[in-house]
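The sequence shown begins at 9 in this note's numbering and counts up one residue at a time.
All residues carry an ideal CB built from backbone N, CA and C; glycine is no exception.
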Amino acid sequence: MIRLVIADDHPVVRAGLNALFSLEEDFKVVAEATSPEEAVNAAERENPDVVLMDLQFGAGDTPTGVDATRHIRALDAAPYVLVLTNYDSDADILGAVEAGASGYLLKDAPPHELIAAVRAAAAGESALAPVITSRLLDRLRTPRVSLSSREIEVLELVSAGHSNTDIGAELFITETTVKSHLAHIYSKLDVASRTAAISTARQRGILR
């Protein structure tokens with residue numbers, strides 16, 4: 009029996025997932041979570057095999073599904089985490105994988121693909137949607153245009169309107185280091201300004 013926690017802030021999504029897994033004899037939904045904190049608590053309390061994790065809970069909520077994934081994977085006898093989200097930017101994918109997610113699916117995945125992915129995650133296997141695998145392979149094939157996770161963090165804060173000083177404080181790095189990251193970003197994206205960097209990153213799917 010695969011014990012499953014569903015973490016999503018939308019009641020309709022949770023209800024739909026519950027209905028889907030109730031049709032499978034080898035699944036049992038042991039808890040639902042409406043926030044990252046609830047997801048971590050449920051993972052500690054229920055000892056599930058897999059946590060099905062959304063990335064964004066509410067508008068700009070902190071912590072995020074990535075934060076919850078990192079906490080869950082650090083638990084003793086940690087369950088596997090399978091991300092199920094609407095977002096497919098490089099920043100989202102890399103953040104989730106680096107936090108320890110075993111798989112990454114988009115919410116428009118067909119039911120049979122989702123069920124197979126959860127079974128794979130429960131068995132300790134990787135479960136990436138084809139579009140996500142393609143995106144990661146593209147990054148490996150074209151490293152010259154790939155930003156590091158730290159560079160993506162810097163660029164995300166730039167796109168939110170933060171100054172270099174604010175970014176340094178947020179990421180606990182010096183303003184000089186922020187400027188260095190920006191210089192590398194400009195070089196990799198072949199741009200000369202913050203605005204152009206944001207625009208190009210969005211066009212390439214690096215940022216939402």
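Under the three-state reduction of DSSP output, Val-58 falls in the strand class. Just measuring C-alpha positions, the residue of His-170, His-192, Ala-168 and Gly-132 sitting nearest Ser-157 is His-192. Assigned with DSSP and collapsed to three states, Glu-45 falls in helix. Note that the stretch 198-214 touches the stretch 162-181; at least 3 beta-carbon pairs, one per stretch, sit closer than 8 Å.
For Arg-210, the enclosing alpha helix (DSSP H) begins and ends at 202-211. Sixteen is the threshold: since fewer than 16 other Cβ atoms of the shown chains lie within 10 Å of the Cβ of Phe-180, the residue is exposed. In this structure, Ser-97 lies near Ile-214, with their beta-carbon atoms less than 8 Å apart.
Counting of Cβ neighbours within 10 angstroms places Arg-22 among the buried residues, the total reaching 16 or more. Between Leu-197 and Asp-100, the alpha-carbon positions lie close to 19 Å from each other. Fully enclosed beta strand (DSSP E) runs of no fewer than 3 residues occupy 88-93 and 111-114 of the stretch 78-127, in order along the chain. Beta-bridge partners of Lys-187 (DSSP): none assigned.
In chain order, Thr-77, Val-89 and Val-91 place their CB closer than 6 Å to the CB of Ala-109, counting only its own chain and leaving out the 5 sequence neighbours on each side.
Sorting Gly-73, Ser-201 and Glu-159 by C-alpha distance to the C-alpha of Pro-44 places Gly-73 at the top. In its chain, beyond the 5 residues on either side, Ala-200 and Ala-205 have a beta carbon closer than 7 Å to the beta carbon of Tyr-194.
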